[in-house]
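Participant:
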Amino acid sequence: MPSLSTLPLEILEHIAALVTQDASIAALLPLQLTCRHFYNALGIHSNAHLFADLFADRFDVSAATRRLGPLAVKSSALAFQLVEYCNAVRAIRTGDVHAPGILDTFWTAFVMLIEDDSKNRRTLNDAGLPDFVDRFVRERLYENHICNWPVENAVNSLALWLLWLTTSQERLQAESPEQRAQLIRLILPYVLMPVRYSATFAPYVHFSLPLPRHPPQAPHTVPTLHGAYPRYRFDTSTLDLYGIPSIPVAVPLASVPAKLVYISRLEMHAISIPPHLPLTRQHAIQLGRTAVGPTHEDVHELNALKISKPGDPTVPSDTMTSEALSTKWDNDWNRLTDCTSLFRAVSLKRSHYTPGTLAGLWQGRMLVRHLPPLPLSPLADICTKVPHNAAHALLLQTPEMPPGFSEDTLQVMFDYVFMRLREYHCMDVAPHTPVPAGNASPSDRKYNAWFPAASTYHEHDDHLTVSYVDGAKTETHVYRAYRPDGPSMHDEGECRGCQYRGTSEIVLRSDDARYLGQLDEMIRDTPLLDGEEDIADDDDDDDDAVMMDGDADMVDVDMAGVDDGDGELVVKRRCDGIMDIVFVGETDTRHGQAWHPYRFYGRVREWDGLIALARIPDNPELGARVFMGYVVGGTTLVGNWRIMEHPNEPVTFEGAWVMSKRAE
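Take 67 as the starting number for the sequence shown in the working numbering and just add one per residue.
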């Protein structure tokens, strides 16, 4: 007589797929408990392939393949992650924002959203994540507060990121004015208080990272009632992902999503237009108004673009190509996994900035100090020439958060930013070398976007020449213009790195990394000779980085000879020949007529992709500023600005800003 135990495995797997098609994988349990044969045939360890298929049906896979390599898409790895994701979804469905495991739930949801190609977000939305995290922020963000200030810990940082990642135009429109105002009050400290909440993964004063183990002088900080300034972050965690244990990950910055959430709520109110403004620039000229100032047309342009770019429901993409939706978060992910220590170099340098991203037209908002409020006045930012901000200084004199803390506490208001940038690369071709980093130490209190003082910038024939005086001679460095549709600037035959290796392929083997780690241990215990410089710390933790690190588009992982055991993982990436990336630009004429004309120059910090942009006004009364921030999600710049010179002010005022790239 036929028995169920004689059913072919393929049929059992098909039955299992049907059972779980519209239900949780927990629906498999009754089938597994039918008999020992079913239990063994459908077990997660004995049939990882089945659970890998279930994962691929429910969740997105392409990001894990790009970022972690083929190790992450083995059947056993996907089966492991299926359990992790299902546990997180189950926890979210309970709606219990006080559950003891909420930190793990938030980490998992965060990973799911920055791996999203459409399936992950749909699953989390169906589970109720948007309402879940909204409740947490409103009920628990100030838990364990310090002097009434919310803390910057992993659970709060992740909550703010999830709040932003689940923000959509539909949810913004559904919020009542009272709910919107409450949310702004809750997150405002993260936006306005960089002295308490880090704005960068490493202070702006450092351009070359990691730091040496034994620097000639210790990093300089100023003690304040709100903590040491600038802030050095040591907030790291470890994640078990796709069966890879204890992946070191930096805790995401809380200030970045806070700024995006803040701007997104403010943008729900259109900027009002004072009736006395001329209708257009031509109308202003006819009225004899030739001074800088906005028109109705300029304000309509401000209202037409949402700077914060809230997430919209995703549509399925070709997830196994470089066009997958999740690729826009690859640099953000690389930043978290690579920037876990200021003193350790990563084994495989990965992209933290995609070449060409900043080239084009950008529009944004920035918080500036005001004397009296001057809505929509192009002279509002002239107050920044005042070196001392009394409200900011007063706030630094008490550790307590003032009652009713708001923008008025710091006397700030919004101004508007436009810039058009061009991007230039220093290629690894003789005799070219990058411009050395300028001095940005707190002692000189001058910040010049990591360029030497008094540098000049000359654009000519698709090249940029940067010149500066070094002692008695003038140094020049040549960069090539980046053209997104042009031929590659990398020439394997001329690239010094490729010539040294004999190939454009950069290969890292896990066994090599272990050997280098052991060698570094020996070097660490050897006294340095006179005149020798210390090197960055490469400890054994980098073995894990090699084992886990694949790169986005430019990394291929060779799994030949690697099984589920302890085989050697070979990681490869293609050399792009880029040694340094700099920017120059200006305000378009029409935007300069409304909001003042400016010039811009800046560069990228390779270690974490931090952007520094100096903004120099045509009118010196407006004051020069430097903007520091990160590209978030591939299209939005988020950070803080400060004036370039601030003598006798150890802790200077910093204002938040957010910019988005304009489609043209």
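Ideal Cβ placement from N, Cα and C applies to all residues, glycine included. Bear in mind that the values here come from a model prediction, so they are computed numbers and not experimental data.
#1: Can at least three beta-carbon pairs, one atom from the region 646–664 and one from the region 682–689, be found at a separation below 8 angstroms?
#2: Looking at the strands, I want to know which residues DSSP matches up with H491.
#3: Are the Cβ atoms of Y490 and Y545 separated by less than 8 angstroms?
#4: Roughly how many whole angstroms lie between the Cα atoms of M710 and W516?
#5: Residue range of the alpha helix (DSSP H) that S533 falls in?
#6: Check L433 in the structure and name its three-state DSSP category.
#7: Can you tell me where the alpha helix (DSSP H) with H418 in it begins and where it stops?
#8: With distances taken between CB atoms, is the gap from L228 to A175 smaller than 8 angstroms?
#9: Below 8 angstroms CB to CB, which residues in the same chain sit around N514 once its five sequence neighbours on both sides are set aside?
#10: Count the other CB atoms, across all protein chains shown, that sit within 10 Å of the CB of K325; report buried if there are 16 or more and exposed otherwise.
#11: With DSSP run on the structure shown, which of helix, strand or coil describes G658?
#12: The alpha helix (DSSP H) with F146 in it runs from where to where?
#13: Identify, in the order they occur along the chain, each residue of the same chain with its Cβ nearer than 7 angstroms to the Cβ of I337, setting aside the five sequence neighbours on each side.
#14: Assign K539 to buried or exposed, taking buried as 16 or more other Cβ atoms, counted over all protein chains shown, within 10 Å of its Cβ.
#15: Is DSSP giving S407 helix, strand or coil here?
#16: Does the distance from the CB of Y664 to the CB of V650 come in under 8 angstroms?
#17: Check T475 in the structure and name its three-state DSSP category.
#18: So the candidates are E218, M555, A459; which of them puts its Cα closest to the Cα of V495?
#19: Would you check if the distance between the CB atom of L258 and the CB atom of L476 is smaller than 8 angstroms?
#20: DSSP on K375, reduced to helix/strand/coil?
#21: Please return the same chain residues whose Cβ sits closer than 8 angstroms to the Cβ of I158, not counting the five positions on each side in sequence.
#22: Under a Cβ-count criterion, where at least 16 other Cβ atoms within 10 Å of its own Cβ denotes burial, should Q147 be classed as buried or exposed?
#23: Give me the Cα-Cα distance between A390 and D183, rounded to the nearest whole angstrom.
#24: Could you name the residues that DSSP lists as bridge partners for Y208?
#25: Which residue comes first and which comes last in the beta strand (DSSP E) that contains P255?
#26: Within 10 angstroms of the Cβ of C405, are there 16 or more other Cβ atoms? Answer buried if so, exposed if not.
#27: Does E205 pass the burial test, meaning 16 or more other C-beta atoms within 10 Å, or should it be called exposed?
#28: Give me the Cα-Cα distance between T304 and L169, rounded to the nearest whole angstrom.
#29: Please state the DSSP three-state secondary structure of S128.
#30: Taking three-plus beta-carbon pairs below 8 angstroms as touching, is the region 308–325 in contact with the region 220–234?
#31: Could you check whether L144 and L122 sit closer than 8 angstroms to each other, using their CB atoms as the reference points?
#32: Considering only C-alpha positions, which residue in the set L78, P285, D200, C152 is nearest to F273?
#33: Taking the C-alpha atoms as reference points, what is the distance between L120 and C101?
#34: What number of angstroms, rounded off, separates the C-alpha of R347 from the C-alpha of R331?
#35: If you draw a straight line from the alpha carbon of H292 to that of Y534, how long is it in whole angstroms?
#36: What's the gap between the Cα of L461 and the Cα of T290?
Facilitator: Working from what's here:
#1: These segments touch.
#2: Taking the sequence shown and counting its residues from 1, one reaches residue 491 at position 425. Residue pairing by DSSP places H491 opposite R546, I647 in a beta bridge.
#3: Here residue 490 corresponds to residue number 424 of the sequence shown, with the count starting at 1. Here residue 545 corresponds to residue number 479 of the sequence shown, with the count starting at 1. Cβ atoms of Y490 and Y545: closer than 8 angstroms.
#4: As a working note, residue 710 is residue 644 in the sequence shown. As a working note, residue 516 is residue 450 in the sequence shown. So the alpha carbons of these two residues sit roughly 12 angstroms apart.
#5: For the purposes of this step, residue 533 is taken as the residue at position 467 of the sequence shown. Unbroken run through S533 is the beta strand (DSSP E), 529–536; no alpha helix (DSSP H).
#6: Position 367 of the sequence shown, counted from the first residue, corresponds to residue 433. L433 falls in the strand class under three-state DSSP.
#7: On the sequence shown, position 352 is the one that residue 418 refers to. For H418, no alpha helix (DSSP H) run applies, since DSSP gives it neither H nor E.
#8: On the sequence shown, residue 228 is found 162 positions in, with the first residue counted as 1. On the sequence shown, residue 175 is found 109 positions in, with the first residue counted as 1. For L228 and A175, yes; Cβs fall inside 8 angstroms.
#9: Position 448 of the sequence shown, counting from 1, holds the residue named residue 514. Closer than 8 angstroms at the Cβ level, and outside the excluded window around N514, lie G504, A506, S521, A680, V692, M710.
#10: Position 259 of the sequence shown, counted from the start, is the residue given in the question as residue 325. Buried.
#11: Position 592 of the sequence shown, counting from 1, holds the residue named residue 658. If DSSP states are grouped into helix, strand and coil, G658 belongs with the helices.
#12: Counted from its first residue, the sequence shown places residue 146 at position 80. Counting along the chain, F146 sits inside the alpha helix (DSSP H) bounded by residues 141–160.
#13: To locate residue 337, count along the sequence shown from 1; it is residue 271. Answer for I337: V365, L368, N369, listed in chain order.
#14: Within the sequence shown, numbered from 1, the residue matching residue 539 stands at position 473. Looking at its Cβ environment, which holds fewer than 16 other Cβ atoms inside 10 Å, K539 is exposed.
#15: Here the question's residue 407 lines up with position 341 in the sequence shown. The answer is coil: DSSP assigns S407 none of H, G, I, E or B.
#16: By one-based count along the sequence shown, residue 664 stands at place 598. By one-based count along the sequence shown, residue 650 stands at place 584. Their beta carbons are not under 8 angstroms apart, which means Y664 does not touch V650 by this criterion.
#17: Within the sequence shown, residue 475 is the residue found at index 409, counting from 1. Per DSSP, reduced to three states, the secondary structure at T475 is helical.
#18: The sequence position of residue 495 within the sequence shown is 429, counting from 1. Between V495 and the set E218, M555, A459, the nearest pair of CA atoms involves M555.
#19: The count along the sequence shown starts at 1 and reaches residue 258 at position 192. The count along the sequence shown starts at 1 and reaches residue 476 at position 410. With contacts defined by Cβ atoms closer than 8 angstroms, L258 and L476 form a contacting pair.
#20: Taking the sequence shown and counting its residues from 1, one reaches residue 375 at position 309. It is coil, neither helix nor strand.
#21: Locating residue 158 in the sequence shown gives position 92, where the first residue counts as 1. Closer than 8 angstroms at Cβ, skipping near neighbours: T171, A175, L190, A193, G194, L195, F198.
#22: To locate residue 147, count along the sequence shown from 1; it is residue 81. With 16 or more other Cβ atoms within 10 Å, it is buried.
#23: For the purposes of this step, residue 390 is identified with residue 324 of the sequence shown, where counting begins at 1. For the purposes of this step, residue 183 is identified with residue 117 of the sequence shown, where counting begins at 1. Between A390 and D183, the alpha-carbon positions lie close to 6 angstroms from each other.
#24: Start at 1 with the first residue of the sequence shown, and residue 208 comes out as number 142. According to DSSP, which records beta bridges pairwise, Y208 is partnered with nothing at all.
#25: On the sequence shown, residue 255 is found 189 positions in, with the first residue counted as 1. From DSSP, P255 is part of no beta strand (DSSP E) but of the alpha helix (DSSP H) over 243–258.
#26: Your numbering for residue 405 matches position 339 in the sequence shown. When all chains shown are included, C405 counts as buried.
#27: The residue you call residue 205 lines up with position 139 of the sequence shown. The residue in question, E205, is exposed, as its Cβ has fewer than 16 Cβ neighbours within 10 Å.
#28: The count along the sequence shown starts at 1 and reaches residue 304 at position 238. The count along the sequence shown starts at 1 and reaches residue 169 at position 103. Distance between the alpha carbons of T304 and L169: 12 angstroms.
#29: For the purposes of this step, residue 128 is taken as the residue at position 62 of the sequence shown. Here DSSP, grouped into helix, strand and coil, assigns S128 to helix.
#30: Contact between the region 308–325 and the region 220–234 is present, because at least three Cβ pairs lie under 8 angstroms.
#31: In the sequence shown, residue 122 corresponds to position 56, counting from 1. In the sequence shown, residue 144 corresponds to position 78, counting from 1. One point to set straight first is that residue 122 is Ala, not Leu, in the sequence displayed. The answer is yes: Cβ separation under 8 angstroms.
#32: Within the sequence shown, numbered from 1, the residue matching residue 273 stands at position 207. Closest option to F273, Cα to Cα, is P285.
#33: Numbered from its first residue, the sequence shown carries residue 120 at position 54. Numbered from its first residue, the sequence shown carries residue 101 at position 35. Their Cα atoms are separated by approximately 22 angstroms.
#34: Working through the sequence shown from its first residue, we reach residue 347 at position 281. Working through the sequence shown from its first residue, we reach residue 331 at position 265. The straight-line gap from Cα to Cα measures roughly 30 angstroms.
#35: Along the sequence shown, read from residue 1 onward, the residue named residue 292 stands at position 226. Along the sequence shown, read from residue 1 onward, the residue named residue 534 stands at position 468. Those two C-alpha atoms are separated by around 38 angstroms.
#36: Against the sequence shown, residue 461 aligns to sequence position 395. Against the sequence shown, residue 290 aligns to sequence position 224. A direct Cα-to-Cα measurement between L461 and T290 gives close to 11 angstroms.
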